[in-house]
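In the working numbering, the protein residues as written are 1275 to 1440. What follows is one structure encoded as structure tokens, with my remarks underneath.
Shown next as structure tokens:
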């Protein structure tokens, strides 16, 4: 008798078991997708970046406004890890402050190719566009930021810069 019950489980669909599995699986999948959506709003690799010596040195150099040192440090990071969008964004930022706009735009482009929703790269590239009299491109970056996070600091900062350029 027990063997028949086991065989029956494999041959005939049990709608109650299916319903229970669906009831459990759907919310779990929903949470997984929601978590992925929330994670997209943050920096690409904040925990890993803290563990990279050259990344930390680059951040210290930026804080000290030592742009050449920042470029050196972040160049080392991207040479070792060419998928680090955060490092490319900061590399662009430091190059922008050095007036090296071609290098800055190249770095921002790589950051945004890796992470099109990278708020820092969108803001910083928008500022660089303003500094090179490319207002339409700056406004395009601002529109992307607004779509990603209308209330974020990066969006607010770029909005102020665009307004000041009018």
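Built from N, CA and C at the ideal position, the CB exists for glycine as well.
Asked: Straight-line Cα distance separating residue 1326 from residue 1368; Found: 18 Å
Asked: Secondary structure of residue 1373, DSSP reduced to three states; Found: coil
Asked: Cβ pair count under 8 Å reaching 3, the segment 1351-1358 against the segment 1392-1406; Found: no
Asked: Exposure label - residue 1415; buried when at least 16 CB within 10 Å; Found: buried
Asked: Rounded C-alpha distance that separates residue 1374 from residue 1430; Found: 25 Å
Asked: For residue 1351 and residue 1366, believed in contact at Cβ under 8 Å, the rounded distance; Found: Their Cβ separation, rounded to whole angstroms, is 13 Å, which puts residue 1366 and residue 1351 out of contact at 8 Å.
Asked: Minimum C-alpha distance to residue 1406 - residue among 1422, 1341, 1436 and 1334; Found: 1436
Asked: 7 Å CB neighbourhood of residue 1323 in its chain, flanking five on each side removed; Found: 1329 and 1360
Asked: Given residue 1371 as reference, the closest of 1337, 1413, 1426 and 1440 once Cα atoms are compared; Found: 1337
Asked: Own chain, CB closer than 8 Å to residue 1438, minus 5 neighbours either side, in chain order; Found: none
Asked: Rounded separation between residue 1344 and residue 1399 - CA only; Found: 17 Å
Asked: Three-state secondary structure (DSSP) of residue 1355; Found: coil
Asked: Residue 1336: first and last residue of the uninterrupted alpha helix (DSSP H) it sits in; Found: 1327-1337
Asked: Span separating the alpha-carbon of residue 1418 from that of residue 1347; Found: 29 Å
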